[in-house]
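Protein chains in written order, with the numbering used here: chain A, 21 to 387; chain B, 2 to 377.
Virtual Cβ for every residue (Gly too), placed ideally from N, Cα, C.
The model shown is predicted, which means the values in this text are computed figures rather than measured ones.
Listed below in structure tokens is the structure:
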């Protein structure tokens with residue numbers, strides 16, 4: 021009887037020890053794992069900004085040891101702070117990514133102060149070393165390089181030499197995309213002009229459709245845009261028989277006949293860099309930004325609208341950008357005749373982030 | 002709207018008699034709890050079928066709703082914080098509803114009120130006024146402008162017979178556009194080049210949190226206002242006149258009740274509630290006015306008010322339930338890999354089932370006062 025007891029006890033002890041070992045084993049494996057939380061302001065399938073991020077997160081989920089948790093349609097109020105906090109508290113997120121402009125101040129700034137062991141990164145160049153916590157940071161891509169490639173492909177795909185650009189607001193990042201698109205087109209087709217219409221806000225689908233119709237009526241046969249969700253612009257242009265270049269994410273499925281290529285972010289590069297650094301326990305950069313030279317932007321695969329010449333020239337242009345060949349070769353005049361760029365600037369030069377003009381070759385006004 | 006307002010006492014029972022009879026009051030009260038609960042259970046069952054059709058586990062869903070909305074101290078605060086603006090914006094719908102108006106302009110009043118608070122804060126902050134004084138002035142400004150916004154719709158209804166539902170909805174867009182006009186123009190803070198906003202009021206001027214929690218004072222004020230307005234509507238001559246008008250405006254007019262005046266007053270109260278929500282959004286959360294004020298609280302408030310059957314007290318638990326659903330919605334998205342719209346489906350189902358359940362009132366004998374010989 022006692023013998024039996026002992027053996028049963030030792031059996032139980034052995035089992036318990038095994039369980040403990042197993043449990044701690046699992047725990048230490050979990051500690052090396054990385055959980056990334058990401059918050060979107062709109063739906064994940066918007067054919068635009070949010071989808072570009074969601075596509076990258078999908079790629080991230082295929083990495084071993086990386087878990088990603090996502091939340092969509094989160095407004096820019098304290099709801100976003102609570103969603104992020106919930107990711108930290110309930111999902112043990114090691115890093116939280118905020119992808120909408122208004123999440124940063126005050127919400128992510130305050131969260132970074134409250135959770136000093138969690139990393140926070142925000143997708144717009146707002147972080148500054150002297151104002152903000154060290155576990156907070158910014159990341160963004162120079163999408164104008166993608167628009168430059170778009171311009172080259174568009175310049176060789178147009179017949180009327182008139183290219184249309186539907187833009188949201190005349191702020192520097194938008195102006196930089198318009199100017200880069202025009203410089204690309206002009207480089208391969210000196211007769212090309214870019215006509216721009218500003219809608220006034222990031223998401224005004226009705227006005228965007230009207231703008232496309234107006235541009236096509238004015239003779240433009242290639243349309244591109246910088247608005248939050250390019251879906252309406254691309255679909256309207258396709259319906260009108262115009263070719264299209266995309267923005268933010270791939271809109272190729274929306275325009276089976278006229279899609280040329282599109283400027284896309286490659287958020288995958290950023291997110292994999294964060295996941296790798298966190299997995300190794302290395303510090304994360306506070307500022308992470310770049311263009312083709314850092315594999316942080318890309319162009320959508322060529323669609324049916326791209327001519328062979330356009331494909332060849334665009335591919336060369338991408339290689340040039342990877343080799344850091346400059347887009348802005350001075351001197352350049354604005355479209356009122358004043359010299360605004362006196363010399364040649366490096367593609368990442370901060371001077372180009374301060375753009376408040378449309379260059380010669382762009383038809384339109386920012387006022 | 003009259004069919005949703007609280008039914009009058011059954012005519013065969015003299016008011017003084019049944020008011021004194023506790024068992025009858027309990028029966029009536031039980032009806033108001035049992036039928037909505039039944040409706041909630043039915044919508045939960047329907048929603049479970051929806052989840053099963055998607056191949057997801059309903060049990061996991063409701064566990065996550067519990068965990069994300071109510072399960073931990075953090076979750077409860079998350080829920081309460083999301084409920085805070087909803088109580089105020091639901092009051093903005095419920096009060097006009099009692100007088101028979103379907104007023105859905107809470108979003109506009111919130112935005113205009115919040116913007117007014119932020120705008121009036123600029124001279125106060127630059128003039129270094131004491132924070133307490135500044136906040137009180139900001140709150141009053143928010144309430145006045147919010148009141149004005151819904152008041153316009155009420156006045157148009159009273160003076161010109163304009164449909165208040167349409168006018169209040171359209172006024173919302175005018176309100177948002179007006180704010181954008183000033184925020185992108187005259188009142189723009191030029192130190193913030195990328196997102197047009199008014200000047201930040203600064204930490205010293207922000208409304209604090211309720212001690213020991215992460216929830217701002219807007220929640221406490223919302224609860225207090227709900228109680229005060231409930232008393233106003235159910236225990237005063239004013240409230241009685243409002244309910245009579247809501248029941249039958251012509252009869253009220255014939256009785257000499259100043260219907261037009263009451264309509265405008267109800268709208269002013271409603272707008273002030275939404276304007277106050279805007280004030281808290283600026284003074285407790287954003288610290289400035291910008292496009293982020295347009296977060297949809299005004300529209301969610303409509304749903305909350307209807308679910309609460311325009312009863313100011315019932316708004317409190319309904320808003321908390323909604324806050325919990327939204328708070329846990331994030332966790333549901335993350336853990337079950339479901340789109341955000343899932344929670345909207347549940348909200349929609351609940352809304353429809355609750356509206357259908359309206360027809361059940363008065364149909365169950367158990368809730369009815371026993372009609373005995375001495376009472377008739």
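Residue range of the unbroken alpha helix (DSSP H) whose run includes residue i
i                     : result
residue 174 (chain B) : 165–184
residue 348 (chain B) : 342–358
residue 270 (chain A) : Unbroken run through residue 270 (chain A): none, as it is neither H nor E.
residue 309 (chain A) : Where residue 309 (chain A) is concerned, there is no enclosing alpha helix (DSSP H), although the beta strand (DSSP E) it sits in stretches over 307–310.
residue 127 (chain B) : 107–127
residue 117 (chain A) : Note, residue 117 (chain A): premise wrong, no alpha helix (DSSP H); beta strand (DSSP E) at 115–118.
residue 73 (chain A)  : 69–81
residue 257 (chain A) : 251–259
residue 233 (chain A) : 225–237
N-terminal and C-terminal residue of the beta strand (DSSP E) that residue i is part of
i                     : result
residue 215 (chain A) : 213–218
residue 328 (chain A) : No beta strand (DSSP E) contains residue 328 (chain A), which is instead part of the alpha helix (DSSP H) from 328–342.
residue 139 (chain A) : 139–142
residue 109 (chain A) : From DSSP, residue 109 (chain A) is part of no beta strand (DSSP E) but of the alpha helix (DSSP H) over 98–111.
residue 139 (chain B) : No beta strand (DSSP E) holds residue 139 (chain B); the alpha helix (DSSP H) holding it covers 132–161.
residue 283 (chain A) : 279–285
residue 374 (chain A) : Residue 374 (chain A) -> no beta strand (DSSP E), and no H or E assigned at all.
Classification of residue i by the beta-carbon crowding that lies within 10 angstroms, buried from 16 upward
i                     : result
residue 378 (chain B) : Residue 378 (chain B) lies beyond the stretch modelled for chain B, which goes from 2 to 377, so this question has no answer here.
residue 369 (chain A) : exposed
residue 377 (chain A) : buried
residue 171 (chain B) : exposed
residue 368 (chain B) : buried
residue 98 (chain A)  : buried
residue 367 (chain A) : buried
residue 286 (chain B) : buried
residue 1 (chain B)   : The first residue shown for chain B is 2 and the last is 377, placing residue 1 (chain B) beyond what the model contains.
residue 101 (chain B) : buried
residue 374 (chain A) : exposed
residue 192 (chain B) : exposed
residue 320 (chain A) : buried
residue 9 (chain B)   : The predicted model places residue 9 (chain B) with a pLDDT of 47, which falls under 50 and marks its position as unreliable; any figure quoted below should be read in that light. Its Cβ having fewer than 16 others within 10 Å, residue 9 (chain B) is exposed.
residue 228 (chain B) : exposed
residue 107 (chain B) : buried
residue 323 (chain B) : buried
residue 178 (chain A) : buried
residue 10 (chain A)  : The question about residue 10 (chain A) has no answer, for chain A in this structure spans 21 to 387.
residue 282 (chain B) : buried
Residue j beta carbon less than 8 Å from that of residue i
i                     : j                     : result
residue 93 (chain A)  : residue 54 (chain A)  : no
residue 203 (chain B) : residue 327 (chain B) : no
residue 201 (chain B) : residue 115 (chain B) : no
residue 312 (chain A) : residue 347 (chain A) : no
residue 205 (chain A) : residue 194 (chain A) : no
residue 88 (chain A)  : residue 81 (chain A)  : yes
residue 269 (chain B) : residue 260 (chain B) : no
residue 59 (chain B)  : residue 65 (chain B)  : no
residue 106 (chain A) : residue 332 (chain B) : yes
residue 278 (chain B) : residue 73 (chain B)  : no
residue 92 (chain B)  : residue 313 (chain B) : yes
residue 176 (chain B) : residue 128 (chain B) : no
residue 307 (chain A) : residue 286 (chain A) : no
residue 165 (chain B) : residue 103 (chain B) : yes
residue 196 (chain A) : residue 155 (chain A) : no
residue 380 (chain A) : residue 335 (chain B) : no
residue 141 (chain A) : residue 159 (chain A) : yes
residue 112 (chain B) : residue 207 (chain B) : no
residue 291 (chain A) : residue 77 (chain A)  : yes
residue 60 (chain A)  : residue 74 (chain A)  : yes
residue 217 (chain A) : residue 384 (chain A) : yes
Cβ distance (whole Å) where residue i is taken to contact residue j below 8 Å
i                     : j                     : result
residue 258 (chain A) : residue 269 (chain A) : So it is not a contact: roughly 16 Å between Cβ atoms.
residue 166 (chain A) : residue 283 (chain A) : 3 Å
residue 246 (chain B) : residue 220 (chain B) : Contact doesn't hold; Cβ gap of about 31 Å is too wide.
residue 271 (chain B) : residue 151 (chain B) : 5 Å
residue 98 (chain B)  : residue 311 (chain B) : 4 Å
Kindly provide the ranges of any alpha helix (DSSP H) runs that are 4 or more residues long and lie completely inside the segment 38–78 of chain B, ordered along the chain. 59–67
Segments of 3+ residues assigned as beta strand (DSSP E) that fall wholly inside the segment 339–368 of chain A: 359–361
Quick check on the DSSP output: what are the complete alpha helix (DSSP H) runs of length 4 or more inside the segment 134–208 of chain A, in order along the chain? 164–175 and 192–208
Fully enclosed by the segment 236–320 of chain B, which alpha helix (DSSP H) runs are 4 residues long or longer? 238–248, 250–255, 260–281 and 298–308
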